[in-house]
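> First, the structure itself, so that you have it in front of you.
Residue numbers (my numbering): 28 to 297.
Given below as structure tokens:
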């Protein structure tokens, strides 16, 4: 197949799959292996490389929040996890936790998780989202509390889970959003924190791949095309997802996406 068409396909997959509880890394790596015939290891590193495109999309979509976070840097040392520094504190600590778990996971990427294990983990995350959605549906009756700002425990928990999401078959967004929801954060806020946190993590993974192997499994021009497509499609799809969350009860969104995660994970496992 024409390399540019392959690049467009992979960028499209990355842009769509990044925000839903289906492993974008696993989907892009599988498509790359099938279409180009490169090794699964090279395809997985290519999938990690393409996360830079959706990091750009998240930065553009949440540009106001990113600007506010950058302006709060000076206050971080004096008032961590205060209202005005909560997001920055969360991102800094969670990113550090991601590095602690993600770097070792990357080093053993080829052998760490089999296709079966990744599929079952994805199904588990999907089931967790379904349960979370049902809990949210009956949250008022169960008197479940709601958290308005993240704390240090949230940051460490989500950061560790995001680091493990570098492994094949593990959904980064599904895992981190599920954790935030179960900690009592509101739906749109959970998406926002998860997607903001993806920016430094994706850029760091991109640098790691480039330093380790260079641009993997693809020529420079198609690589640029794939990054641009993933950024544009990622921006459009994250906007569509956030709009959906604002119009549809989030428990229903969780339940539907969780069901997709269960089906997708079982298909991978089988």
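Note that the Cβ used here is the ideal one computed from N, Cα and C, for glycine as well.
#1: Assign residue 70 to one of two classes, buried (16 or more other C-beta atoms within 10 Å of its C-beta) or exposed (fewer than that).
#2: Assign residue 105 to one of three DSSP states: helix, strand, or coil.
#3: Does residue 270 come out as helix, strand or coil in the three-state DSSP assignment?
#4: Between which two residues does the alpha helix (DSSP H) carrying residue 78 extend?
#5: Could you tell me which of 246, 254 and 68 sits nearest to residue 43, measuring between CA atoms?
#6: When burial is assigned at 16 or more other CB atoms within 10 Å of the CB, is residue 179 buried or exposed?
#7: Using CA coordinates, which residue listed in 229, 227, 282 and 58 is at the minimum distance from residue 40?
#8: With a 10 Å radius around its C-beta and 16 neighbouring C-beta atoms as the bar for buried, classify residue 189 as buried or exposed.
#9: Tell me which residue opens and which closes the alpha helix (DSSP H) that residue 52 is part of.
#10: For residue 266, which residues of its own chain have a beta-carbon under 7 Å away from its beta-carbon, when the five flanking residues on both sides are left out?
#11: Does the beta-carbon distance from residue 231 to residue 79 come in below 8 Å?
#12: Hey, quick one: how far does the alpha helix (DSSP H) through residue 198 stretch, first residue to last?
#13: Assign residue 276 to buried or exposed, taking buried as 16 or more other Cβ atoms, counted over all protein chains shown, within 10 Å of its Cβ.
#14: Going by DSSP, name the residue or residues bridged to residue 98.
#15: At 4 residues or longer, what runs of the alpha helix (DSSP H) sit wholly inside the stretch 209 to 279?
#16: Evaluate the contact criterion for the stretch 212 to 223 versus the stretch 258 to 274: three or more CB pairs, one atom per stretch, below 8 Å.
#17: Hey, could you find the ends of the alpha helix (DSSP H) residue 116 is sitting in?
#18: To the nearest angstrom, report how far apart residue 167 and residue 77 are at their CA atoms.
#19: Residues bridged to residue 72 by DSSP?
#20: Taking just the CA atoms, how far does residue 123 sit from residue 184?
#21: For the candidate residues 37, 128 and 236, whose alpha-carbon lies nearest to that of residue 192?
This is what the structure holds:
#1: Stepping through the chain shown from its first residue, residue 70 is reached at position 43. Residue 70 comes out buried.
#2: Taking the first residue of the chain shown as 1, we reach residue 105 at position 78. Here residue 105 sits in coil by DSSP.
#3: On the chain shown, residue 270 is found 243 positions in, with the first residue counted as 1. Helix at residue 270.
#4: Taking the first residue of the chain shown as position 1, residue 78 is located at position 51. Looking at the DSSP string, the run of the alpha helix (DSSP H) that includes residue 78 is 78 to 88.
#5: Walking along the chain shown from the start, residue 43 turns up at place 16. Taking only the C-alpha atoms, the option nearest residue 43 is 254.
#6: To locate residue 179, count along the chain shown from 1; it is residue 152. With fewer than 16 other CB atoms across the displayed protein chains lying within 10 angstroms of its CB, residue 179 is exposed.
#7: Locating residue 40 in the chain shown gives position 13, counting from the first residue. Comparing Cα positions, the closest option is 58.
#8: The residue you call residue 189 lines up with position 162 of the chain shown. With 16 or more other Cβ atoms inside 10 Å of its own Cβ, residue 189 counts as buried.
#9: The residue labelled residue 52 in the question sits at position 25 within the chain shown. Looking at the DSSP string, the run of the alpha helix (DSSP H) that includes residue 52 is 51 to 63.
#10: Against the chain shown, residue 266 aligns to sequence position 239. Counting only residues of its own chain and dropping the five nearest sequence neighbours on each side, residue 266 has a CB closer than 7 Å to the CB of 88.
#11: In the chain shown, counting from the first residue as 1, residue 231 sits at position 204. In the chain shown, counting from the first residue as 1, residue 79 sits at position 52. Taking 8 Å as the Cβ cut-off, residue 231 and residue 79 do not qualify as a contacting pair.
#12: Looking up residue 198 in the chain shown gives position 171. It is not in any alpha helix (DSSP H) - residue 198 carries neither H nor E in the DSSP assignment.
#13: The sequence position of residue 276 within the chain shown is 249, counting from 1. A residue is called buried when at least 16 other Cβ atoms come within 10 angstroms of its Cβ; residue 276 does not meet this threshold and is exposed.
#14: Taking the chain shown and counting its residues from 1, one reaches residue 98 at position 71. Answer by DSSP bridge pairing: none, since residue 98 is not bridged.
#15: Under the rule that a run must span 4 or more residues, the alpha helix (DSSP H) segments found entirely inside the stretch 209 to 279 read 214 to 240 and 247 to 274.
#16: Verdict: yes, contact present.
#17: Here the question's residue 116 lines up with position 89 in the chain shown. 113 to 134 is the span of the alpha helix (DSSP H), which, as asked, contains residue 116.
#18: One-based indexing of the chain shown puts residue 167 at position 140. One-based indexing of the chain shown puts residue 77 at position 50. Any reading at residue 167 must be qualified, since the residue scores a pLDDT of 46, below 50, and its modelled position is unreliable; the value itself is stated next. Here the alpha carbon of residue 167 sits roughly 41 Å from the alpha carbon of residue 77.
#19: In the chain shown, the residue the question calls residue 72 occupies position 45. DSSP lists no partner for residue 72.
#20: To locate residue 184, count along the chain shown from 1; it is residue 157. To locate residue 123, count along the chain shown from 1; it is residue 96. Residue 123 has its alpha-carbon roughly 11 Å from the corresponding atom of residue 184.
#21: In the chain shown, the residue the question calls residue 192 occupies position 165. Taking only the C-alpha atoms, the option nearest residue 192 is 128.
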